[in-house]
Ligand code: NAI
Ligand code: 2YC
Ligand code: MG
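And the structure:
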């Protein structure tokens, strides 16, 4: 499990504001409106408690503060509990919180105490970064219903699923060859029963074939995972991956637009996943 570091979060507030502006330009929706569209939910006046958790590798500097910034930036009522862990959960409930946000090294969740909805960061992150690709409206991007997904882990897999649900043809790549083969064979078996719409539209990405993409999703913890020969001028890279998988040099050479932010976009997706239906 790739854990954030305080250094990953040092520019998080600017990153979130800049990405919100880019997402609005690409999709016509600000990030909170986009999340409301995705989940068909709306915030009311929920009180959101952020509980620092000391388990495993312990508290990550700036993590709770970054969550609080995200909550407040989008106009919601939030606070960080004074206590950590179980005492923090007790404090949240006694403070009449509606939603708790808390993370150990294995899971970062949002739990709505009132409607009992629960959301997982990796699932919600994969979904929102893929939705941004699918809903991007600039002329070239709209025409192309195909995408390249690099990284088929706990974030990349929900992203792949989201692209398929939009009817995209997906080229999939992962450093783990077995993982790629498992994903390809899983979807090729879906040509019977209720999932025929997902069947066969996933193929193994071949770096040497030189196929180019306007829409690329990267969800790996590695550098330089996006190959130059997949890029078009003006490609859109939607990537939760930390660090960024595309070099600055290639980004500038191909005028690549990049949606990338270390925590807030995924967190807002989690919150809208647990809000009440509209
Ligand atoms: P994971 O470990 O479940 O999946 C990562 C996948 O990338 C694995 O299948 C691995 O084989 C593959 N991979 C590793 N190196 C590669 C390379 N050089 N080329 C191609 N594939 C490679 O990790 P998870 O949970 O899916 O997270 C992926 C990335 O997203 C991590 O960097 C994590 O820190 C980040 N993340 C970012 C969030 C955000 O809000 N920005 C939220 C959650 C995760
Ligand atoms: O400060 C705290 O409360 C820590 N227990 C938080 C630990 C978060 C560990 N997870 C991660 O760093 C990554 C993030 C990208 C979000 C999901 N996993
Ligand atoms: Mg994010």
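In the numbering used here, the protein residues as written are 20 to 297.
Even glycine gets a Cβ: it sits at the ideal position worked out from N, Cα and C.
Output the boundary residues of the beta strand (DSSP E) element that contains residue i.
| i | result |
| --- | --- |
| residue 232 | 232 to 237 |
| residue 69 | 66 to 70 |
| residue 251 | 250 to 257 |
| residue 138 | 137 to 139 |
Grab the span of the alpha helix (DSSP H) containing residue i for me, first residue to last.
| i | result |
| --- | --- |
| residue 88 | 82 to 92 |
| residue 44 | 31 to 46 |
| residue 49 | Segment: none, residue 49 is in no alpha helix (DSSP H) and carries neither H nor E. |
| residue 196 | 196 to 207 |
Quick check: residue i and residue j, are their CB atoms within less than 8 angstroms of each other?
| i | j | result |
| --- | --- | --- |
| residue 292 | residue 149 | no |
| residue 261 | residue 68 | no |
| residue 171 | residue 147 | no |
| residue 255 | residue 234 | yes |
| residue 82 | residue 132 | no |
| residue 50 | residue 39 | yes |
| residue 269 | residue 250 | yes |
| residue 182 | residue 202 | no |
| residue 226 | residue 240 | no |
| residue 238 | residue 178 | yes |
| residue 174 | residue 141 | yes |
| residue 116 | residue 72 | no |
| residue 41 | residue 289 | no |
Can you tell me which residues form a DSSP beta bridge with residue i?
| i | result |
| --- | --- |
| residue 151 | BP columns for residue 151 are empty, so no partner. |
| residue 188 | 165 |
| residue 223 | 191 |
| residue 275 | Residue 275 pairs with nothing; no bridge assigned. |
| residue 60 | 296 |
Please confirm whether any heavy atom of the ligand NAI lies closer than 7 angstroms to the CB of residue i.
| i | result |
| --- | --- |
| residue 50 | no |
| residue 181 | no |
| residue 171 | yes |
| residue 174 | yes |
| residue 241 | yes |
| residue 198 | yes |
| residue 238 | yes |
| residue 25 | no |
| residue 14 | This structure leaves residue 14 out entirely; the chain is present only between 20 and 297. |
Please find out if some non-hydrogen atom of the ligand MG comes closer than 7 angstroms to the beta-carbon of residue i.
| i | result |
| --- | --- |
| residue 32 | no |
| residue 89 | no |
| residue 282 | yes |
Beta carbon of residue i: closer than 7 angstroms to some heavy atom of the ligand 2YC?
| i | result |
| --- | --- |
| residue 71 | yes |
| residue 123 | yes |
| residue 140 | yes |
| residue 83 | yes |
| residue 35 | no |
| residue 127 | yes |
Would you verify that the beta carbon of residue i is, or is not, closer than 8 angstroms to some beta carbon of chain B?
| i | result |
| --- | --- |
| residue 297 | In the structure shown, chain B does not exist; there is a single protein chain. |
Q | Sequence ranges, alpha helix (DSSP H) only - wholly within the stretch 93 to 134, length at least 4 | A | 104 to 113
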